[in-house]
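In full-length UniProt numbering, the protein residues as written are 1 to 108. The next block holds one structure in the form of structure tokens; read it before the comments.
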């Protein structure tokens, strides 16, 4: 299974989308499809095992360095992983602060 950005960034027919999707969910699906564990991936990426397990659990974000390592190993681009993280962060910010910001800040 290779996840494509269109699968994640485009709304499905009818426009309904689930809430923010952490990049760890995408990584977990990729690991499952490839039949490898988070620990095995961490060893291959030469990063601490808790880094990958925390990303998969949605407790940690994907950094630029980790994105580069994931891209190299999984055959994706670093931008793919960074875009997932950025989209997630923006959706969380919109959920948590969007209404207040719209009330406080006038458009120019």
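From the three backbone atoms N, C-alpha and C, an ideal C-beta is built for every residue, glycine too.
Whether residue i touches residue j by CB criterion (7 Å)
i, j, result
"residue 45", "residue 69", "yes"
"residue 24", "residue 56", "yes"
"residue 81", "residue 93", "no"
"residue 85", "residue 105", "no"
"residue 39", "residue 28", "no"
Among the options, the one whose alpha carbon lies nearest that of residue i
i, options, result
"residue 20", "100, 103 and 90", "90"
"residue 18", "88, 51, 29 and 75", "88"
Terminal residues of the alpha helix (DSSP H) in which residue i lies
i, result
"residue 39", "38 to 45"
"residue 77", "Unbroken run through residue 77: none, as it is neither H nor E."
"residue 23", "23 to 34"
"residue 155", "No answer is possible for residue 155: the residues shown for the chain start at 1 and end at 108."
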